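A short worksheet on the structure shown next.
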C-alpha cells in the first residue's frame, strides 16, 4: 500500500514539474524561432511566409506559432494554460500574456 502511494506521489510530482518546465521550453523555442525569422528578414528584406521558409523544421512547429500582421510586423506565440498564450510582438519587441 505504501509503495503504491509513493509511486502515485512520484508520478504527480513529475507531472507537476513538467507543467512548470514546459512554458520555459516553449519560450526558448520561440526565441530561437524569432532569431530565425529575423535572420531571414535581414537576408531577404521581407518576412518569411511560413516558419518553414525561415528554416524552422516542421517538427519544431508543434508548439510555437507564427502569424504575419503586415509587411514588417508579425507575432509569435505559444500556449501556456487553457485559453492563455505568451505572445511576442515584433513591433514592440515585447512579450505579453493574452487570453
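In our numbering, the protein residues as written are 560 to 658. Cβ coordinates follow ideal geometry from the N, Cα and C atoms, glycine included. All of these numbers come straight from a predicted model, not from anything done at the bench.
Close-in-space but distant-in-sequence residues of the same chain around residue i (CB under 7 Å, 5 per side omitted)
i: residue 617; result: 611
i: residue 615; result: 592 and 595
Short Cβ contact (9 Å threshold) for residue i with residue j
i: residue 601; j: residue 637; result: no
i: residue 595; j: residue 608; result: no
i: residue 653; j: residue 585; result: no
Distance, residue j Cα to residue i Cα
i: residue 628; j: residue 605; result: 13 Å
i: residue 583; j: residue 630; result: 29 Å
i: residue 651; j: residue 635; result: 12 Å
Own chain partners of residue i with C-beta closer than 8 Å, once the 5 adjacent residues on each side are dropped
i: residue 655; result: 645, 646 and 648
i: residue 642; result: 658
i: residue 633; result: 596, 606, 625, 626, 627 and 649
Cβ-based neighbour list, residue i, same chain, cut-off 6 Å, excluding 5 preceding and 5 following
i: residue 622; result: 585 and 637
i: residue 599; result: 607 and 613
Residue i CB to nearest heavy atom of the ligand MN below 8 Å
i: residue 616; result: The ligand MN is not part of the structure shown, which contains no ligands of any sort.
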